[in-house]
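Numbering (the numbering used here), first residue to last: 13 to 119. This report concerns only the one structure given below.
Structure below.
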């Protein structure tokens, strides 16, 4: 179950990107469904046993900048982006738990 403080961050992120996020398994963050060329798991988040958000999936968001609230997720380990126009991801280094090999970027 997600911690109240983490849920508050999720709601803040939802406002920032204008999309409701649903809870997903950590295993599907950044993965493509095999249903079609452009079928992705929807926007969502994953939590660990302690209730911390450890994964975010933000497909087809048309993001031009990373949401500021993204940097408040202290336990984020895995991140999926698709169809974005951001080219400089060096700012992701601020997410100290994020393993860069666990960042899926398509687009």
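Ideal placement from N, C-alpha and C gives every residue a C-beta, glycine not left out.
{"Asked": "Would residue 43 pass as a contact of residue 53 if the rule is Cβ separation under 8 Å?", "Found": "yes"}
{"Asked": "Relative to the alpha-carbon of residue 37, which residue among 21, 74, 102 and 61 has its alpha-carbon at the smallest distance?", "Found": "61"}
{"Asked": "What ranges does the beta strand (DSSP E) occupy inside the segment 29–92, keeping only unbroken runs of at least 3 residues that lie completely in it?", "Found": "56–59 and 65–71"}
{"Asked": "Kindly list the residues whose CB is nearer than 7 Å to the CB of residue 56, restricted to its own chain and excluding five residues on each side of it in sequence; keep chain order.", "Found": "33, 34, 35, 36 and 69"}
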